[in-house]
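**Student:** Please find one structure pasted underneath; my questions will follow.
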Amino acid sequence: MANSTAKFIVLMGMQGAGKGTQAEILQEHLHIPHITSGGMFRATMQQDTPLAHEIKSYYDAGNLVPDTLTIRMIKGRLQESDAENGVILDGFPRTVAQAKALDELMIELGQKIAVVPFFVITEAEAMKRLGGRRVCTKDDNHVYHITDNPPNVNGICDIDGAPLKIRSDDTPDAIQKRLKAYANDTTPVLDYYREAGLLQEVNAEQPIEKVTADLKAVVEGQTA
Ligand code: AP5
Ligand code: MG
Numbered sequence: 008m009a010n011s012t013a014k015f016i017v018l019m020g021m022q023g024a025g026k027g028t029q030a031e032i033l034q035e036h037l038h039i040p041h042i043t044s045g046g047m048f049r050a051t052m053q054q055d056t057p058l059a060h061e062i063k064s065y066y067d068a069g070n071l072v073p074d075t076l077t078i079r080m081i082k083g084r085l086q087e088s089d090a091e092n093g094v095i096l097d098g099f100p101r102t103v104a105q106a107k108a109l110d111e112l113m114i115e116l117g118q119k120i121a122v123v124p125f126f127v128i129t130e131a132e133a134m135k136r137l138g139g140r141r142v143c144t145k146d147d148n149h150v151y152h153i154t155d156n157p158p159n160v161n162g163i164c165d166i167d168g169a170p171l172k173i174r175s176d177d178t179p180d181a182i183q184k185r186l187k188a189y190a191n192d193t194t195p196v197l198d199y200y201r202e203a204g205l206l207q208e209v210n211a212e213q214p215i216e217k218v219t220a221d222l223k224a225v226v227e228g229q230t231a
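All you need for this note's numbering is the position in the sequence shown, starting with 1, plus 7.
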């Protein structure tokens, strides 16, 4: 049976806006899982399978993975038992077709999206952040920035002690393509949620702690 206090939160924002960074913090606070479509694709790409090779061909070029494949993956994840009390979605939906599929799934699960925090940053700031991002080789949800969010020990993850690396899609060409995909395919999703009365802007061009405080206020205001 559907849990009436569940919190289904959808984080939106340009590449580099800090969705992954904030979702990791928020999941500790709300005790619900952080579900990242990009992270799920990165995990799949570790395998040597035809599916992994197919995803890699889109991912490394900075192109969106086709909707059918992406929707099937997220649908399966949201049907797992740890998603019953809600989830923090990061990176999904990012086409209107995906947003509609999520609405249908919410109906099937007897749930509703509580709020859609939208992280607002400029493209110049996004480029700066992506250019300096480093992720943990053991768990790429552990995200750093060489100057703005550095680890305690240069090149080493604070949490796992593993070396850091540059993400395979943080190349200048792929960054350009990802930002283009955002403008073409994902900005209509912002309108979709704005019209549904769910979109809440968060100024993401502030220090991480300040963004977290504003995000918590938005989430608690909408889902308490
Ligand atoms: P995905 O993994 O979702 O990447 P993205 O959308 O490009 O977003 P990012 O992870 O780059 O940005 P973020 O907002 O999480 O920023 P972060 O917290 O890391 O998708 C990757 C690919 O997978 C796609 O291109 C596509 O191929 C595929 N894909 C995924 N979902 C899909 C879907 N639904 N449909 C189709 N294809 C899909 O922060 C960035 C940097 O900034 C870090 O260095 C961080 O330390 C730093 N930082 C964060 N906050 C601050 C702050 N407040 N101040 C200063 N620095 C900060
Ligand atoms: Mg991310």
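The beta-carbon is built from N, C-alpha and C at its ideal position, and this holds for glycine as well.
Treat the numbers as computed from the prediction; the structure is a model and nothing was measured.
1. What is the residue span of the alpha helix (DSSP H) that V103 lies within?
2. If we call anything under 8 Å between Cβ atoms a contact, is P170 one with T154?
3. Would you call the region 153–168 in contact with the region 196–205, where contact means no fewer than 3 C-beta pairs closer than 8 Å?
4. DSSP on I166, reduced to helix/strand/coil?
5. Over the uninterrupted alpha helix (DSSP H) stretch that includes K14, give me the two end residues.
6. Considering L197, what are the terminal residues of the alpha helix (DSSP H) in which it resides?
7. In chain order, what residues of the same chain have a beta carbon less than 8 Å from the beta carbon of F15, not counting five sequence neighbours either side?
8. Name the one or two DSSP bridge partners that K172 has.
9. What residue range does the beta strand (DSSP E) around D97 cover?
10. Confirm the yes/no value for this check: CB of R101, any heavy atom of the ligand AP5, distance under 7 Å.
11. Give the single residue among T12, T102, D146 and L109 whose Cα lies nearest to the Cα of A190.
12. In three-state terms, what does DSSP make of A120?
**Tutor:** In short, the structure shows the following:
1. V103 to L116
2. no
3. no
4. coil
5. Per DSSP, K14 belongs to no alpha helix (DSSP H); it is in the beta strand (DSSP E), K14 to G20.
6. T194 to E202
7. G93, V94, L96, M113, Q118, K119, I120 and A121
8. V142
9. G93 to D97
10. yes
11. T102
12. For the record, residue 120 in the displayed sequence is Ile; it is not Ala. In the structure shown, I120 sits in a strand (DSSP, three-state: E or B).
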